[in-house]
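**Q** One structure, pasted below without further comment.
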Amino acid sequence: MTQQTKIPVKVPQADYADTPISLFTHNGSGYQLLSNIGRQYQITDYMWQQSPDGSLFVGSHKDSRWAGKNIEFDEGMTLTSGSNDMTIPITAAIRPGAIINGNKIQKVELHGDDYVLSWENLDKNGKPEQKSPERRQMEKTFPELAGGYHLPKYAKVVGIADPSSGGDISDPFRPKYAVELQLLDENGNEDKTVPIYPAVPLPVTSTGSQGGDFAFPEVGTMVEVGFAYGRSDQPFVRTLLAQGKTVPSVAPGEQLKQQRPEVYERTDAAGNKIRETDQKITDKSFERHIETDSEVKQIGTSNISIDADGTETIGGNKTVSVLGSINDTTASNRTIGTGETLQEKIVGLAQRVSDEKNKIVAPLSYMGSEGQNIFRLLEDTIQLLGDLASEVAKHTHNGSPPPDQSNKFSSQSSTAKTIKSKLTPIIE
93 MTQQTKIPVK VPQADYADTP ISLFTHNGSG YQLLSNIGRQ YQITDYMWQQ
143 SPDGSLFVGS HKDSRWAGKN IEFDEGMTLT SGSNDMTIPI TAAIRPGAII
193 NGNKIQKVEL HGDDYVLSWE NLDKNGKPEQ KSPERRQMEK TFPELAGGYH
243 LPKYAKVVGI ADPSSGGDIS DPFRPKYAVE LQLLDENGNE DKTVPIYPAV
293 PLPVTSTGSQ GGDFAFPEVG TMVEVGFAYG RSDQPFVRTL LAQGKTVPSV
343 APGEQLKQQR PEVYERTDAA GNKIRETDQK ITDKSFERHI ETDSEVKQIG
393 TSNISIDADG TETIGGNKTV SVLGSINDTT ASNRTIGTGE TLQEKIVGLA
443 QRVSDEKNKI VAPLSYMGSE GQNIFRLLED TIQLLGDLAS EVAKHTHNGS
493 PPPDQSNKFS SQSSTAKTIK SKLTPIIE
């Protein structure tokens, strides 16, 4: 103010002089600033006045030059006198704030060659003990102005009122989603002149029958209270405030829904979504569709139960790596199909036990070690048996005739060749 008006401003050495407030803005001539700054800084018995040296005093009356300096005017010095004013000859030293006959002067008016001094009976806080006739008439016409119900008010949650057990109807007598409130005065202190409101409805977004977003505030939460139609019997919570609460980290562009630091759902400015809890997440639906380009899961333990059929279709490759054992059990049939190669690599024992039979069908077969094929050895054995039978069929002993079973041995040799001819094409 001194920079803009060149008028020196004097502020007393008091606690309120250097106590900051959270928000203050002003635009105008400065008169409204001087009139309201005392209320905003909670200065008791606030006043501002011009001093004889031309400076401007701003502060509490008890810190002004007039505090404790009562001036007595007897009847001989007054021209006229009333209950709240008096007329005296001009006295240059009298300013608003002066104590005349025990009354703090509120206004000094010049009428001709006389001063008209006006005052009000004030309480210990410097506020009028009685309302002006104009204000009384206005409050009679508009009762909501008397209690300030036309303005939003702050309140503090002191309890939860009658929570719903599900399916209950909310009505003015039992809102079900409501809290108990203690109103606060404009300085943030509890207004003990007003009793606790027992069941004030809380705001709901996207509401419907048994639908909407619901969350009871903590006891001690500050809320904004409105009064429908200015009626004191129709309060409602307009919004919840975070004053006095620890606030989580939220960057510009982010969205956060948090119950506590370990339980939250966050969407960052880029659109990435995080959902976290240190307890359990339960999802239940009739049908569920998930569509994503890629998925990464890191799970401690997993247990999946499927009541009916299960189908898995993979467009590319699938890799399964298991550090422990795999137990694969089915109560019915199992079919494995592959369009190309089926390869099994086993470090230890490979064992297959069948109660009925084991059937292997292939154009070519190989069984054995890396260098020995059992089927090839079987082929060689059959060839050996055929050669042996052929040799026995035509052998003699020192010119003796062939054995009587020569034809039988020849037939066995022919049979061995037939068996070998069937086995050879299917051996790798």
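With the numbering used here applied, the sequence shown corresponds to residues 93 to 520, in that order.
For every residue, glycine included, the Cβ atom is placed at its ideal position computed from N, Cα and C.
Is the CB-CB distance between I180 and D206 below 8 Å?
**A** Position 88 of the sequence shown, counted from the first residue, corresponds to residue 180. Position 114 of the sequence shown, counted from the first residue, corresponds to residue 206. Yes, these two residues count as a Cβ contact at 8 Å.
**Q** Thinking I519 and F467 are a contact (beta carbons under 8 Å), I'd like their distance in whole angstroms, please.
**A** Here residue 519 refers to the residue found at position 427 when the sequence shown is read from its first residue. Here residue 467 refers to the residue found at position 375 when the sequence shown is read from its first residue. Going by Cβ atoms, the distance from I519 to F467 rounds to 5 Å, so yes, they are a contact pair.
**Q** Quick one: what's W70 bridged to in DSSP?
**A** Beyond the ends of the chain as shown, which are 93 and 520, falls residue 70; an answer cannot be given.
**Q** Could you compute how far the alpha carbon of P112 sits from the alpha carbon of V315?
**A** Sequence index remark: in the sequence shown, residue 112 carries index 20 (1-based). Sequence index remark: in the sequence shown, residue 315 carries index 223 (1-based). Distance between the alpha carbons of P112 and V315: 23 Å.
**Q** Please say whether F306 and G318 have beta carbons closer to each other than 8 Å?
**A** In the sequence shown, residue 318 corresponds to position 226, counting from 1. In the sequence shown, residue 306 corresponds to position 214, counting from 1. Taking 8 Å as the Cβ cut-off, G318 and F306 do not qualify as a contacting pair.
**Q** Enumerated in chain order, which unbroken segments of the beta strand (DSSP E) with a length of 3 residues or greater are wholly contained in the region 344-406?
**A** The qualifying runs are 347-352, 355-359 and 365-368.
**Q** Comparing alpha-carbon positions, which option in P309, T384 and K389 lies nearest Q350?
**A** As a working note, residue 350 is residue 258 in the sequence shown. The residue with the shortest Cα to Cα distance from Q350 is P309.
**Q** Using only the alpha-carbon positions, how far apart do V342 and A362 sit?
**A** Taking the first residue of the sequence shown as position 1, residue 342 is located at position 250. Taking the first residue of the sequence shown as position 1, residue 362 is located at position 270. Cα to Cα, the separation comes out at about 13 Å.
**Q** If you scan the region 159-225 from start to end, which runs of the alpha helix (DSSP H) of 4 or more residues do you find wholly inside it?
**A** The region 159-225 contains no whole alpha helix (DSSP H) run of 4 or more residues.
**Q** May I ask which residues mark the beginning and end of the alpha helix (DSSP H) holding E483?
**A** In the sequence shown, counting from the first residue as 1, residue 483 sits at position 391. From DSSP, the alpha helix (DSSP H) with E483 extends over I466 to K486.
**Q** For E212 and K245, what's the separation of their Cα atoms in angstroms?
**A** Within the sequence shown, the letter at position 120 stands for residue 212. Within the sequence shown, the letter at position 153 stands for residue 245. Taking the straight line joining both Cα atoms gives about 28 Å.
**Q** Quick check: P267 and A247, are their CB atoms within less than 8 Å of each other?
**A** To locate residue 267, count along the sequence shown from 1; it is residue 175. To locate residue 247, count along the sequence shown from 1; it is residue 155. No, the pair does not count as a contact, with Cβ atoms beyond the cut-off.
**Q** Work out the CA separation of T405 and T433 for me, nearest whole Å.
**A** Translated into the one-based positions of the sequence shown, residue 433 becomes position 341. Translated into the one-based positions of the sequence shown, residue 405 becomes position 313. So the alpha carbons of these two residues sit roughly 19 Å apart.
**Q** Is the region 433-449 in contact with the region 474-491, if contact means three or more CB pairs nearer than 8 Å?
**A** Not touching, per the Cβ criterion.
**Q** Which runs of the beta strand (DSSP E) spanning at least 3 residues fall entirely within the region 121-159, listed in chain order?
**A** Listed in chain order, they are 138-142 and 148-152.
**Q** In terms of residues, what are the limits of the alpha helix (DSSP H) holding K514?
**A** What you label residue 514 is simply residue 422 of the sequence shown in a count that begins at 1. Per DSSP, K514 belongs to the alpha helix (DSSP H) from S498 to L515.
**Q** Just checking, does the region 144-152 make contact with the region 161-177 on the three C-beta pairs under 8 Å criterion?
**A** Judged by Cβ distances under 8 Å, the region 144-152 makes no contact with the region 161-177, as fewer than three pairs qualify.
**Q** Give the secondary structure of I518 by DSSP, where H, G and I count as helix, E and B as strand, and everything else as coil.
**A** Looking up residue 518 in the sequence shown gives position 426. The answer is helix: DSSP assigns I518 an H, G or I state.
**Q** On the DSSP letters alone, give me the boundaries of the beta strand (DSSP E) that Q105 sits inside.
**A** Taking the sequence shown and counting its residues from 1, one reaches residue 105 at position 13. Element bounds for Q105: n/a, residue is neither H nor E.
**Q** Among V311, E346 and Y356, which one has its Cα closest to the Cα of Q335?
**A** Here residue 335 is taken as the residue at index 243 of the sequence shown, counted from 1. With distances taken between Cα atoms, Q335 lies closest to V311.
**Q** Count the C-beta pairs between the region 160-167 and the region 179-199 that are closer than 8 Å, then say yes if the count reaches three, no if not.
**A** Yes, the region 160-167 touches the region 179-199.
**Q** For H153, collect the residues of the same chain with a Cβ closer than 7 Å to its Cβ; drop the 5 residues on either side in sequence, then sort them by chain order.
**A** For the purposes of this step, residue 153 is identified with residue 61 of the sequence shown, where counting begins at 1. Once the five neighbours on either side are set aside, the close Cβ partners of H153 are D137, M139, A159, G189, K196 and G218.
**Q** Alpha carbon to alpha carbon, how far is P100 from M93? Give it in angstroms, no decimals.
**A** Taking the first residue of the sequence shown as 1, we reach residue 93 at position 1. Taking the first residue of the sequence shown as 1, we reach residue 100 at position 8. Spanning the two alpha carbons is a distance of roughly 8 Å.
**Q** What separation, rounded to the nearest whole angstrom, lies between the Cα atoms of Q302 and E226?
**A** Stepping through the sequence shown from its first residue, residue 302 is reached at position 210. Stepping through the sequence shown from its first residue, residue 226 is reached at position 134. Near 50 Å, if we compare the C-alpha coordinates of E226 and Q302.
**Q** Quick one: is M593 buried, meaning 16 or more other Cβ sit within 10 Å of its Cβ, or exposed?
**A** What the structure shows of the chain is the stretch from 93 to 520, and residue 593 is not part of that stretch, so it cannot be assessed.
**Q** Can you tell me where the beta strand (DSSP E) holding E236 begins and where it ends?
**A** Along the sequence shown, one-based indexing puts residue 236 at 144. Per DSSP, E236 belongs to no beta strand (DSSP E); it is in the alpha helix (DSSP H), P235 to G239.
**Q** Identify every residue that forms a DSSP beta bridge with I252.
**A** Along the sequence shown, read from residue 1 onward, the residue named residue 252 stands at position 160. For I252, which the question treats as bridged, DSSP gives the partners V271.
**Q** In whole angstroms, what separates the C-alpha of G130 from that of T117?
**A** The residue given as residue 130 occupies position 38 in the sequence shown. The residue given as residue 117 occupies position 25 in the sequence shown. Going from the Cα of G130 to the Cα of T117 covers about 14 Å.
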